[in-house]
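Residue numbers (full-length UniProt numbering): 1 to 469.
The following block contains the structure:
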């Protein structure tokens with residue numbers, strides 16, 4: 001256009017800046033800004049708003065603030081660019097502050113303003129602010145706006161107010177995939193709402209709403225957390241119906257669901273059905289093998305992953321260490337730990353140290369486990385000392401058990417399990433006086449061990465999801 005001799009106007013600059021914003025190409029945007037400064041459109045509100053949006057969405061909030069402060073007049077688009085920029089960059093408090101300034105200056109917010117403010121609310125999980133924004137949305141007449149309803153449901157769900165999210169969803173005259181997915185994702189975050197999630201999916205089928213990949217993956221995650229194999233199989237069938245050539249995310253969700261539901265063979269088949277596997281795919285099956293006690297299979301899969309040229313991450317090694325720990329593979333687990341640090345330059349976190357301590361402790365190498373705790377750079381937490389105490393109870397090591405228990409009583413004095421384990425350790429060694437002292441100490445501190453329980457899924461009643469409609 002420039003070579004042809006045509007002059008750009010405010011709409012040209014605005015369109016090009018929006019393209020740069022969408023691509024997050026701030027360098028090209030700066031070049032366009034240089035052209036604008038030489039033109040007569042430098043003071044144009046439309047162009048200035050586009051410049052603010054570019055800088056804010058690309059993370060240059062200081063430049064965006066400078067441009068915003070230099071504007072002689074501002075419209076709702078200018079304010080939206082600043083509010084949305086702060087929300088996208090995670091500066092929720094600044095987003096709220098800008099919104100309050102906008103209201104004080106008498107600028108009427110639109111649906112885009114409210115959407116950005118809701119995004120800021122969901123980041124800080126502030127339920128009071130969400131309720132206040134909901135009230136403003138209703139007063140401004142945006143209560144029936146489908147996009148805003150979806151954002152409100154998402155915000156309520158992230159603030160753990162599932163009841164409010166449910167009520168809003170049920171009040172919607174026309175439900176869409178955005179609001180449905182927002183509520184379904186909220187259910188997925190709380191395992192107590194598995195039944196409601198399945199009922200919601202059945203309702204969506206009845207109104208013939210198109211189900212996307214995100215929804216199906218969310219449903220599979222719910223089934224995995226609830227260990228609902230029958231329902232998981234039905235969701236798998238639904239996935240094949242809607243998405244016969246599903247992507248790697250769907251494949252990973254299937255592997256995870258079958259592994260957590262106890263069907264490791266089906267998880268393995270789902271893994272090999274994935275055409276292009278990523279690190280999550282391999283890690284999901286390694287985790288499944290580890291939880292089922294197949295340590296050797298987990299290690300073999302890890303070696304095959306390396307041969308395929310994929311670099312394992314910290315979660316992969318955490319799953320490997322867990323697998324080795326629960327399969328008595330002390331030497332192999334120690335090798336994996338060293339490979340993680342020396343070969344892949346991955347710094348171990350507390351969870352890795354907890355697994356390696358548990359690895360030594362389960363293998364009877366209590367002194368090695370204790371020395372690991374003493375030498376590591378991270379401050380030991382309750383999980384680490386709990387692994388030591390549990391192993392001392394198995395192998396009858398009272399002296400080290402007392403050391404671990406002392407640390408646990410200081411870190412987590414309200415946990416009755418620590419007192420019970422030490423009392424059992426004393427009782428097994430015949431030190432009944434000390435065992436009684438532990439029991440009396442629990443009574444003095446009003447501590448009661450929560451009894452264990454198991455969930456049993458009924459096999460008499462089948463829940464039919466894929467019924468003919």
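Every residue, glycine too, gets a C-beta built ideally from N, C-alpha and C. Keep in mind that this is a model prediction, so the values were computed, not measured.
Check for me: the alpha helix (DSSP H) holding residue 217 runs from which residue to which?
The residue given as residue 217 occupies position 217 in the chain shown. The continuous alpha helix (DSSP H) containing residue 217 extends over residues 213-226.
State yes or no: is the C-beta of residue 357 within less than 8 Å of the C-beta of residue 388?
As a working note, residue 357 is residue 357 in the chain shown. As a working note, residue 388 is residue 388 in the chain shown. In this structure, residue 388 lies closer than 8 Å to residue 357 by Cβ.
Contact under 8 Å by Cβ, residue 364 with residue 395
As a position in the chain shown, residue 364 is number 364, starting the count at 1. As a position in the chain shown, residue 395 is number 395, starting the count at 1. Closer than 8 Å, so yes.
Starting from residue 163, follow the alpha helix (DSSP H) in both directions and report where the run begins and ends.
Residue numbering aside, residue 163 sits at position 163 when the chain shown is read from its first letter. Residues 162-171.
Inside the region 111-164 only - alpha helix (DSSP H) runs reaching at least 4 residues:
Runs of the alpha helix (DSSP H) inside the region 111-164: 111-124, 127-139 and 146-158.
Which listed residue (218, 226, 264 and 275) has its alpha carbon closest to that of residue 245
Looking up residue 245 in the chain shown gives position 245. The residue with the shortest Cα to Cα distance from residue 245 is 275.
Quick one: using the 10 Å Cβ neighbour count with 16 as the cut-off for buried, is residue 168 buried or exposed?
Position 168 of the chain shown, counting from 1, holds the residue named residue 168. Residue 168 should be labelled buried.
For the pair the region 51-60 and the region 76-90, tell me if three or more CB-CB distances fall below 8 Å.
Between the region 51-60 and the region 76-90, the count of Cβ pairs shorter than 8 Å is three or higher; the stretches touch.
By the DSSP assignment, the alpha helix (DSSP H) with residue 363 in it spans what residues?
Within the chain shown, residue 363 is the residue found at index 363, counting from 1. Taken as a continuous stretch (DSSP letters only), residue 363 belongs to no alpha helix (DSSP H), as it is neither H nor E.
With a CB to CB cut of under 6 Å and the five nearest residues on each side skipped, what residues in its chain are close to residue 322?
The residue labelled residue 322 in the question sits at position 322 within the chain shown. The residues are 290 and 355.
Spatially closest choice to residue 271 from 256, 262 and 261, by CA coordinates:
Counting from one through the chain shown, the residue named residue 271 turns up at place 271. Taking only the C-alpha atoms, the option nearest residue 271 is 256.
Would residue 471 pass as a contact of residue 435 if the rule is Cβ separation under 8 Å?
In this structure the chain extends from 1 to 469, so residue 471 is not present and cannot be described.
With C-beta atoms as the reference, is residue 150 less than 8 Å away from residue 110?
As a first step, residue 150 is located in the chain shown; it is residue number 150 there, counting from the start. As a first step, residue 110 is located in the chain shown; it is residue number 110 there, counting from the start. No; because the gap between Cβ atoms is not below 8 Å, this pair is not in contact.
What did DSSP end up calling residue 186 once you bin it into helix, strand or coil?
On the chain shown, position 186 is the one that residue 186 refers to. Of the three classes helix, strand and coil, the one that applies to residue 186 here is helix, per DSSP.
Limits of the alpha helix (DSSP H) - the one that residue 203 falls within
Start at 1 with the first residue of the chain shown, and residue 203 comes out as number 203. Where residue 203 is concerned, the enclosing alpha helix (DSSP H) stretches over 194-206.
Pick from 233, 440 and 54: whose alpha carbon is nearest that of residue 24?
Here the question's residue 24 lines up with position 24 in the chain shown. Nearest of 233, 440 and 54 to residue 24, Cα basis: 54.
Who are the near neighbours of residue 21 in its chain, counting only those whose CB is closer than 8 Å to its CB and skipping five residues on each side?
For the purposes of this step, residue 21 is taken as the residue at position 21 of the chain shown. By the criterion of a C-beta distance shorter than 8 Å, residue 21 is surrounded in its chain by 29, 50, 53, 54, 57 and 58, once the five residues flanking it on both sides are discounted.
What first and last residue would you give for the alpha helix (DSSP H) that runs through residue 95?
As a working note, residue 95 is residue 95 in the chain shown. Annotation: the continuous alpha helix (DSSP H) that includes residue 95 extends over 92-104.
Between the alpha carbons of residue 349 and residue 120, how many angstroms are there, rounded?
Taking the first residue of the chain shown as position 1, residue 349 is located at position 349. Taking the first residue of the chain shown as position 1, residue 120 is located at position 120. Rounded to whole angstroms, residue 349 to residue 120 spans 30 Å at the Cα level.
May I ask which residues mark the beginning and end of the alpha helix (DSSP H) holding residue 448?
Within the chain shown, the letter at position 448 stands for residue 448. For residue 448, no alpha helix (DSSP H) run applies, since DSSP gives it neither H nor E.
Just how far apart, CA to CA, sit residue 71 and residue 174?
Looking up residue 71 in the chain shown gives position 71. Looking up residue 174 in the chain shown gives position 174. When rounded, the distance between both Cα atoms is 40 Å.
Could you tell me whether the region 367-383 touches the region 335-342, where touching means 3 or more Cβ pairs closer than 8 Å?
Flag = no, the region 367-383 and the region 335-342 do not touch.
Going by alpha carbons, who is nearest to residue 278 out of 382, 222, 250 and 298?
Taking the chain shown and counting its residues from 1, the one referred to as residue 278 is at position 278. The option with the nearest alpha carbon to residue 278 is 250.
Buried or exposed (CB count within 10 angstroms, at least 16 for buried), residue 448:
Looking up residue 448 in the chain shown gives position 448. By the neighbour-count rule (16 or more Cβ atoms within 10 Å), residue 448 is not buried but exposed.
Rounded to the nearest angstrom, what separates residue 178 and residue 211 at their Cα positions?
For the purposes of this step, residue 178 is identified with residue 178 of the chain shown, where counting begins at 1. For the purposes of this step, residue 211 is identified with residue 211 of the chain shown, where counting begins at 1. The alpha-carbon atoms of residue 178 and residue 211 are separated by roughly 11 Å.
Relative to the alpha-carbon of residue 73, which residue among 162, 63 and 42 has its alpha-carbon at the smallest distance?
Residue 73 sits at position 73 when you count from the first residue of the chain shown. Answer by Cα proximity: 42.
Roughly how far, in whole angstroms, is the beta-carbon of residue 48 from the beta-carbon of residue 67, given that I think they are within contact range, below 8 Å?
As a first step, residue 48 is located in the chain shown; it is residue number 48 there, counting from the start. As a first step, residue 67 is located in the chain shown; it is residue number 67 there, counting from the start. Indeed they touch by this definition, with Cβ atoms about 6 Å apart.
So is residue 282 buried or exposed if we call it buried at 16+ other beta carbons inside 10 Å?
In the chain shown, residue 282 corresponds to position 282, counting from 1. By the C-beta density criterion, residue 282 is buried, having at least 16 other C-beta atoms within 10 angstroms.
Continuous alpha helix (DSSP H) assignments of at least 4 residues falling wholly in the region 23-84
Complete alpha helix (DSSP H) runs here, min 4: 26-37, 45-57 and 61-70.
Is it buried or exposed, residue 240, if we count other Cβ atoms within 10 angstroms and call 16 or more buried?
Here residue 240 corresponds to residue number 240 of the chain shown, with the count starting at 1. In this structure residue 240 is exposed. Its beta-carbon is surrounded by fewer than 16 other beta-carbon atoms within 10 angstroms.
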